[in-house]
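Take a look at the structure below.
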Amino acid sequence: MNRPRVVTHAVASVDGRITLAPDVLLLYGDERWQAIAGSSDDVYERLKLTYKPQVFLEGSGSFVLSSTEPEPLPPVAGDPQSLYQDFLPDDVVHRPGHQGWFTAVDSRGRVRWFYKEFEGWEGWHLLVLVAHHTPPEYLAYLQRERIPYLVAGEKRVDLPAALEKLGSQLRVTCVVSTAGGKLNGALLRAGLIDEISIEFFPAVIGGPETPSLFDAPALKPDEWPTRLKLISAQIQAEGRVGLRYQVVSEHVS
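For the sequence shown, position 167 matches number 555 in the working numbering, and the numbering has no gaps at all.
What follows is the structure in structure tokens.
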């Protein structure tokens, strides 16, 4: 499979927690997180300079809580089958000044988007990864809003297939996932991660259900941990430590 290079990056406490509690969104945490973890603006700029990605990847859980009921969408009139083709409008894909894609995995169609481009992210446009069981009302909504999407997988987004489509259809060569533990855990168990970048800040959060770096299913008896090779370790200001690891072995199944 010819897929893009995948790097995961996270800002975490020393015990590997990436939010303060299970019911706190990754991208919209409270003021306590901002106080101890700092702003993400400079982090994204460093990631752009270091990896030169064409995609920043997030899961739907970064935007909406699992307990949140999405706003209803109008029903689709007629045969919805045509909606399950990749939607890549030419005026968006080939727009002037294109820099990359702010990409979200949303097989259940839960996120309602208020922006297609974001302040401080000029040239970056929203793209959604969906599946063949994604509600047709959601796909019709994306088309009305001129939000591109790629269809990969049946009930859930097939991550290897989605990455391959990003490479073959949009010429993506590098993906940086700043997603939460569930999506990064899925990437880990699928053997799709090439590098892991973590910025630890000096605090301990705890909590048995608080999201962590890789909330993946437990290893089976015949599976091995993913081995890593240290690329760099950097002592930063205010007691922070930045680590970069190369993945040297994929999961064993």
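Just so you know, even glycine gets a beta-carbon here, dropped at the ideal spot from N, CA and C. Here the structure is a predicted model, which is why all the values come from computation and not from measurement.
Taking a contact to mean a Cβ-Cβ separation below 7 Å, would you say residue 512 touches residue 488 in this structure? Numbered from its first residue, the sequence shown carries residue 512 at position 124. Numbered from its first residue, the sequence shown carries residue 488 at position 100. In this structure, residue 488 lies closer than 7 Å to residue 512 by Cβ.
Let me confirm a value: residue 545 is counted as buried when at least 16 other C-beta atoms fall within 10 Å, else exposed. Which label applies? For the purposes of this step, residue 545 is identified with residue 157 of the sequence shown, where counting begins at 1. If you draw a 10 Å sphere on the C-beta of residue 545, you find 16 or more other C-beta atoms in it, and that means buried.
Output needed for residue 491: all residues of its chain with C-beta closer than 6 Å, excluding positions within five of it in sequence on either side, in chain order. Here residue 491 corresponds to residue number 103 of the sequence shown, with the count starting at 1. For residue 491, where only same-chain residues beyond five positions count, the Cβ hits under 6 Å are 443, 445, 515.
Between which two residues does the beta strand (DSSP E) carrying residue 401 extend? Within the sequence shown, the letter at position 13 stands for residue 401. Looking at the DSSP string, the run of the beta strand (DSSP E) that includes residue 401 is 393–401.
Can the beta-carbon of residue 569 be found closer than 7 Å to that of residue 601? As a first step, residue 569 is located in the sequence shown; it is residue number 181 there, counting from the start. As a first step, residue 601 is located in the sequence shown; it is residue number 213 there, counting from the start. Yes, the Cβ-Cβ distance between residue 569 and residue 601 is below 7 Å.
First and last residue of the beta strand (DSSP E) that includes residue 621? Your numbering for residue 621 matches position 233 in the sequence shown. Counting along the chain, the unbroken beta strand (DSSP E) around residue 621 starts and ends at 616–623.
Is residue 532 helix, strand or coil by DSSP? Along the sequence shown, one-based indexing puts residue 532 at 144. Reduced to three states, the DSSP call for residue 532 is helix.
Look up residue 627 in the DSSP assignment and say whether it is helix, strand or coil. Within the sequence shown, residue 627 is the residue found at index 239, counting from 1. If DSSP states are grouped into helix, strand and coil, residue 627 belongs with the helices.
How should residue 573 be labelled, buried or exposed, when 16 other C-beta atoms within 10 angstroms of its C-beta is the threshold for buried? For the purposes of this step, residue 573 is taken as the residue at position 185 of the sequence shown. Buried.
Taking the straight line between their C-alpha atoms, what separation do you get for residue 644 and residue 500? Here the chain has residues from 389 to 641 only, and residue 644 is not among them.
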